[in-house]
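Shown next, in C-alpha cells, is the structure this report addresses.
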Amino acid sequence: MTADERKLPDGAAGEREMLEGWLEFHRATLAVKCQGLDEQQVREASVPPSDLTLLGLVRHMAEVERGWFRKVMTGEDAGPIYYTDEDRDRDFHPREDETWEEAYATWQAEIARSREIATASLDDLAVGKHRLSETFNLRWIYTHMIEEYARHNGHADLIRERIDGATEA
Numbered sequence: 001m002t003a004d005e006r007k008l009p010d011g012a013a014g015e016r017e018m019l020e021g022w023l024e025f026h027r028a029t030l031a032v033k034c035q036g037l038d039e040q041q042v043r044e045a046s047v048p049p050s051d052l053t054l055l056g057l058v059r060h061m062a063e064v065e066r067g068w069f070r071k072v073m074t075g076e077d078a079g080p081i082y083y084t085d086e087d088r089d090r091d092f093h094p095r096e097d098e099t100w101e102e103a104y105a106t107w108q109a110e111i112a113r114s115r116e117i118a119t120a121s122l123d124d125l126a127v128g129k130h131r132l133s134e135t136f137n138l139r140w141i142y143t144h145m146i147e148e149y150a151r152h153n154g155h156a157d158l159i160r161e162r163i164d165g166a167t168e169a
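Okay, so the sequence shown: first residue is 1 according to this note's numbering, each after it adds one.
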C-alpha cells in the first residue's frame with residue numbers, strides 16, 4: 001500500500017464507519033511509514049538518547065492492539081507478546097534474533113483479531129480491566145486506539161525522515 005492508497009473515512013460517515021475508518025487509516029499509515037526498509041533500517045533509532053525505532057513502534061502497537069481489544073474488551077487471558085515484568089518496555093527493545101518479518105506478522109495478526117472483536121456494539125462494555133478506569137465501552141477503545149496510532153505515527157514520521165529523508169504519508 002502507498003500513502004495515496006490509504007482511504008480517509010467519508011466526511012459524512014456515521015459514527016461507527018468514522019471510527020473504523022480513522023483506525024484503519026492510522027494502521028495503514030504506520031505500515032506505509034515502514035515500507036521499503038530493510039532489517040537494519042527498521043532498527044535505526046531516531047536520535048540519541050532515544051532508542052525508539054520503527055520496529056519497536058510496530059511491536060508496541062501489536063501489544064496495544066492485544067491489550068485493548070483482547071485483554072480489556074473481551075477479558076481474554078492473552079499474555080504479553082514482548083514485554084516482561086523485568087522490562088515493561090521490551091516491545092521497544094528487540095533482540096537481534098527478533099526480526100521485522102516476525103514483528104510485522106504478529107502486528108497484522110493482532111489487528112485481525114481486533115477487527116473480529118470490534119464487531120460488537122459501540123456501547124458494549126469491556127469485560128476486562130485496565131489501570132486507567134473501571135469501565136470502558138468499545139467506542140472509548142476505538143477513540144483511544146486512534147489517538148494511540150496518531151501519536152505514534154508522528155514518531156514514525158520523524159524516524160522515517162531520519163532514516164532516508166522520506167516525508168510522504
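Backbone N, C-alpha and C define an ideal beta-carbon position, used for all residues, glycine too.
- The continuous alpha helix (DSSP H) containing I141 extends over residues 138-164.
- Residue environment: V64 is assigned as buried (16 or more neighbouring CB atoms within 10 Å of its CB, all protein chains considered).
- Q41 and Y83 have their C-alpha atoms some 22 Å from each other.
- Straight-line measurement puts the Cα of V47 at about 20 Å from the Cα of E96.
- Setting aside the 5 residues that flank it on each side, T135 is surrounded in the same chain by L125, A126, each with a C-beta closer than 8 Å to its C-beta; the list follows chain order.
- Taken atom to atom, the span from the alpha-carbon of V58 to that of A103 is near 7 Å.
- Here DSSP, grouped into helix, strand and coil, assigns S114 to helix.
- Residue environment for P49: exposed (fewer than 16 other C-beta atoms within 10 angstroms of its C-beta).
- For Q40, the enclosing alpha helix (DSSP H) covers residues 39-42.
- In the DSSP annotation of this structure, the continuous segment of the alpha helix (DSSP H) that includes H60 starts and ends at 54-65.
- Taking a cut-off of 8 Å for Cβ pairs, the stretch 16-35 and the stretch 139-157 touch, as three or more such pairs fall below it.
- Between the C-alpha atoms of E76 and A112 there is a straight-line separation of about 15 Å.
- The C-alpha of V72 lies about 11 Å from the C-alpha of I117.
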